[in-house]
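Colleague: For the sequence shown, the numbering used here begins at 99 and goes up steadily by one.
The C-beta atom is built at its ideal place from N, Cα and C for all residues, glycine as well.
Bear in mind that the values here come from a model prediction, so they are computed numbers and not experimental data.
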Amino acid sequence: MLVGLADVDQLDLAALGFSKTALAAKGRPPYHPADLLKLYLYGYLNRVRSSRRLEAECLRNVELMWLLNRLAPDHKTIANFRKEQGKGIQAVCRAFVQFCRQAKLISGALVAIDGSKFQAVASPSKAVSRKQLEQQQTQLDQRITRYLAELDQADQTEGDALDRQRVERALQQLRAMQDDVATRLLFLKDMGLYQHVVGEPEAQLMRDGQKRIVPAYNVQSAVDAQHKLIVHHEVVNEASDQKQLLPMATAAQAVLEQRPLTVVADAGYSNGEHLTACEDANITPYVALNRGVNNQGDGRLFDRSRFQYDAKKDGYRCPASQWLVRKQINRAERMVIYQGLACGACPLKSQCTQAERRLICRHFDEEAFVRTQARLASRPEIMRQRKAIVEHPFGNLKRWIMGDGRFLLRGLPGAQTESALVILSYNLRRVLNVLGAEQMRRLLMN
Ligand code: SF4
């Protein structure tokens, strides 16, 4: 591994966007970015990510002494490099993928797309959402009303059982809390936000791998099936993967410079608009579909597959050979709703619907859903394959590199830099395992 890391010196870091690659004529020479990049890669490969710990390792770790020629930067220099050279680090990550392509370690035959949540630099207690604040407002209103009722009752009975001063103090506190909650709610509404994480405004509350709701970023990855190398990644601050299929698939297509591309993803990526757009872009998507089911009547009512669509008539033929016709268009949900014409007198009605008429929704991209379903049926093993492809990198990234699965750098740019370091470390280790350090060095020299 050390031999592989030493090859960082072969990279043209200036071309990759790093600053301080050339020495100034005067003044104390800065550390060369290649040395600091080697230090970080060594650290990430050995689960040492903090700048203070890296500083200590430089002074006592023999491997690092060899790798850095006994250089021992202080923790501020180390931390500043990671903060300031994000673009360069991301460019090295991309350049390494291109090296892997040239070394024929990426076949591009199948790319699996998946996302994983990594906690941002903020505790869940720093997050507020409109919903939480509205709940707090209701609870405070109820408590204030209760205290006021107690005071009223005491006035009416003229009893001295109530400690009036204590109640008034409590009321004062509750009203101050009420003002604070109202101000924070107003701030969210004015900013058009539904949630806000203090200190990490770009992070969003998301459910992580341990099912905890935490401020986090969603790291999207496209993984090549051949050696499970990550060919492209993005850090997004949307908890849902639903809008990620097209951007990830087209980005992977661009990285691989490969027009026909096959991608596979789980049901979180089920999105008719994206399936259609992928097909238009010469990408074949295998995506588990996440479609509504008719669960009225314990799911024992006729499934929508029993209804045949007729494009000429633009209607559905039902199991009783009657027609369902267009009722309305729901543009927000991108669907057309069809309703039965003869349900009132139908002998099969009890097996079909509990409503007055049976309704069927047809998505604007229904045909893309149907084609995707047929594709999945033709390759039933592909979803198992998907799991095997993406579990390897994510398991490694979370447990082996990130340790606690948290970012150390604040903000979306910080998360992007750290993701690039983590993914570069992962890819580097994979390549060293597949090729060995000597072979990798030979290929880098070519
Ligand atoms: S209830 Fe309506 S839609 Fe269902 S089978 Fe009867 S006629 Fe067809």
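1) Using only CA atoms, which one of 401, 235, 439, 497 lies nearest to residue 283?
2) Expressed to the nearest angstrom, what Euclidean distance is found between the alpha-carbon atoms of residue 117 and residue 242?
3) CB-CB under 8 Å to residue 410, same chain, minus the five flanking residues each way: which ones, in chain order?
4) Whose C-alpha, out of 216, 472, 169, is nearest the C-alpha of residue 509?
5) Looking at C-alpha atoms only, which residue of 363, 312, 155, 336 is the closest neighbour of residue 483?
6) Is residue 444 closer than 7 Å to residue 418 when the C-beta atoms are compared?
7) With distances taken from CA atoms, which of 203, 265, 502, 291 is nearest residue 229?
8) With a threshold of 16 other CB atoms inside 10 Å of the CB of residue 512, please say whether the residue is buried or exposed.
9) If we require 4 or more residues per run, which alpha helix (DSSP H) segments fall completely within the region 407 to 488?
10) When you measure from the CB of residue 231 to every non-hydrogen atom of the ligand SF4, does any distance come out below 6 Å?
11) How big is the Cα-Cα spacing for residue 324 and residue 453?
12) At a cut-off of 6 Å, is residue 446 close to the ligand SF4 when judged by its beta-carbon and the heavy atoms of the ligand?
13) Tell whether a beta-carbon distance below 7 Å holds between residue 184 and residue 316.
14) Using only the alpha-carbon positions, how far apart do residue 375 and residue 280 sit?
15) Would you give the residue range spanned by the beta strand (DSSP E) that residue 315 belongs to?
16) Assuming residue 276 and residue 227 form a contact by the criterion Cβ under 8 Å, report the distance between their Cβ atoms to the nearest whole angstrom.
17) Distance, Cα to Cα, residue 433 vs residue 397?
18) For the beta strand (DSSP E) that contains residue 295, what are its first and last residues?
19) Just the Cα atoms here: how many angstroms apart are residue 566 and residue 186?
20) What residue range does the alpha helix (DSSP H) around residue 227 cover?
21) Give the secondary structure of residue 242 by DSSP, where H, G and I count as helix, E and B as strand, and everything else as coil.
22) Assuming residue 439 contacts residue 420 under a Cβ cut-off of 8 Å, what Cβ separation, rounded to an integer in Å, is found between them?
23) With a threshold of 7 Å between beta carbons, is residue 385 in contact with chain D?
24) Going by other Cβ atoms of all chains shown within 10 Å of its Cβ, with 16 needed for buried, is residue 255 buried or exposed?
25) My understanding is that residue 470 touches residue 383, with C-beta atoms under 8 Å, so please give their C-beta distance in whole angstroms.
26) Quick one: is the Cβ of residue 337 within less than 6 Å of any heavy atom of the ligand SF4?
27) Going by DSSP, which residues form a beta bridge with residue 303?
28) Mind checking residue 406: buried by the 16 CB within 10 Å criterion, or exposed?
29) Is any non-hydrogen atom of the ligand SF4 found closer than 6 Å to the C-beta of residue 418, if you look at the structure I gave you?
30) Taking the continuous beta strand (DSSP E) assigned at residue 216, which residues delimit it?
31) Any heavy atom of the ligand SF4 inside 6 Å of the beta-carbon of residue 456?
32) Report whether the distance from the Cβ of residue 440 to the nearest heavy atom of the ligand SF4 is below 6 Å.
33) For residue 597, which three-state DSSP category applies?
34) Pick helix, strand or coil for residue 491, following the three-state DSSP scheme.
35) Report yes if the CB atom of residue 106 is closer than 7 Å to the CB atom of residue 152, and no otherwise.
Modeller: Well, looking at it:
1) As a working note, residue 283 is residue 185 in the sequence shown. Cα-wise, what sits closest to residue 283 is 235.
2) By 1-based counting over the sequence shown, the position of residue 117 is 19. By 1-based counting over the sequence shown, the position of residue 242 is 144. Answer to the nearest angstrom: the Cα atoms are 60 Å apart.
3) To locate residue 410, count along the sequence shown from 1; it is residue 312. Excluding sequence neighbours, residue 410 sits near nothing in its chain.
4) Numbered from 1 along the sequence shown, position 411 holds the residue referred to as residue 509. Here the closest residue by C-alpha is 216.
5) For the purposes of this step, residue 483 is identified with residue 385 of the sequence shown, where counting begins at 1. When only C-alpha atoms are compared, the closest one is 363.
6) For the purposes of this step, residue 418 is taken as the residue at position 320 of the sequence shown. For the purposes of this step, residue 444 is taken as the residue at position 346 of the sequence shown. For residue 418 and residue 444, yes; Cβs fall inside 7 Å.
7) What you label residue 229 is simply residue 131 of the sequence shown in a count that begins at 1. When only C-alpha atoms are compared, the closest one is 291.
8) Mapped onto the sequence shown, residue 512 falls at position 414. Looking at its Cβ environment, which holds 16 or more other Cβ atoms inside 10 Å, residue 512 is buried.
9) 447 to 450, 464 to 476
10) Your numbering for residue 231 matches position 133 in the sequence shown. Because no heavy atom of the ligand SF4 lies under 6 Å away, the Cβ of residue 231 does not count as near it: no.
11) On the sequence shown, residue 324 is found 226 positions in, with the first residue counted as 1. On the sequence shown, residue 453 is found 355 positions in, with the first residue counted as 1. Near 51 Å, if we compare the C-alpha coordinates of residue 453 and residue 324.
12) Position 348 of the sequence shown, counted from the first residue, corresponds to residue 446. Checking the Cβ of residue 446 against the ligand SF4 gives yes.
13) On the sequence shown, residue 184 is found 86 positions in, with the first residue counted as 1. On the sequence shown, residue 316 is found 218 positions in, with the first residue counted as 1. It is not a contact, given that the beta carbons lie outside the stated cut-off.
14) Numbered from 1 along the sequence shown, position 277 holds the residue referred to as residue 375. Numbered from 1 along the sequence shown, position 182 holds the residue referred to as residue 280. Computed Cα separation, rounded: 44 Å.
15) Position 217 of the sequence shown, counted from the start, is the residue given in the question as residue 315. Its beta strand (DSSP E) spans residues 311 to 322.
16) To locate residue 276, count along the sequence shown from 1; it is residue 178. To locate residue 227, count along the sequence shown from 1; it is residue 129. Contact flag wrong, Cβ pair sits at about 18 Å.
17) Translated into the one-based positions of the sequence shown, residue 433 becomes position 335. Translated into the one-based positions of the sequence shown, residue 397 becomes position 299. Distance between the alpha carbons of residue 433 and residue 397 is about 22 Å.
18) As a position in the sequence shown, residue 295 is number 197, starting the count at 1. Where residue 295 is concerned, the enclosing beta strand (DSSP E) stretches over 293 to 295.
19) With the chain covering 99 to 544 only, the question about residue 566 has no answer from this structure.
20) Here the question's residue 227 lines up with position 129 in the sequence shown. First-last for residue 227: 225 to 227, but that is the beta strand (DSSP E), not the alpha helix (DSSP H).
21) As a first step, residue 242 is located in the sequence shown; it is residue number 144 there, counting from the start. Residue state, collapsed to three classes: helix.
22) Numbered from its first residue, the sequence shown carries residue 439 at position 341. Numbered from its first residue, the sequence shown carries residue 420 at position 322. Right, the Cβ-Cβ distance comes to about 6 Å (below 8 Å), so this counts as a contact.
23) Checking the listed chains, one finds no chain D in this structure; it contains a single protein chain.
24) For the purposes of this step, residue 255 is identified with residue 157 of the sequence shown, where counting begins at 1. So residue 255 counts as exposed.
25) Taking the sequence shown and counting its residues from 1, the one referred to as residue 470 is at position 372. Taking the sequence shown and counting its residues from 1, the one referred to as residue 383 is at position 285. Their Cβ separation, rounded to whole angstroms, is 6 Å, which keeps residue 470 and residue 383 in contact under 8 Å.
26) Within the sequence shown, numbered from 1, the residue matching residue 337 stands at position 239. Checking the Cβ of residue 337 against the ligand SF4 gives no.
27) Indexing the sequence shown from 1 puts residue 303 at position 205. DSSP lists 313 as partners of residue 303.
28) For the purposes of this step, residue 406 is taken as the residue at position 308 of the sequence shown. So residue 406 counts as exposed.
29) Along the sequence shown, read from residue 1 onward, the residue named residue 418 stands at position 320. Yes, since a heavy atom of the ligand SF4 falls inside the 6 Å radius drawn around the Cβ of residue 418.
30) Within the sequence shown, residue 216 is the residue found at index 118, counting from 1. Residues 209 to 217.
31) Taking the sequence shown and counting its residues from 1, the one referred to as residue 456 is at position 358. Result yes, Cβ under 6 Å from the ligand SF4.
32) Counting from 1 along the sequence shown, the entry for residue 440 is found at position 342. At least one heavy atom of the ligand SF4 is nearer than 6 Å to the Cβ of residue 440, so yes.
33) No statement about residue 597 is possible, as the shown extent of the chain runs from 99 to 544 and does not include it.
34) Mapped onto the sequence shown, residue 491 falls at position 393. Looking at residue 491 - three-state DSSP - the assignment turns out to be helix.
35) Start at 1 with the first residue of the sequence shown, and residue 106 comes out as number 8. Start at 1 with the first residue of the sequence shown, and residue 152 comes out as number 54. It is not a contact, given that the beta carbons lie outside the stated cut-off.
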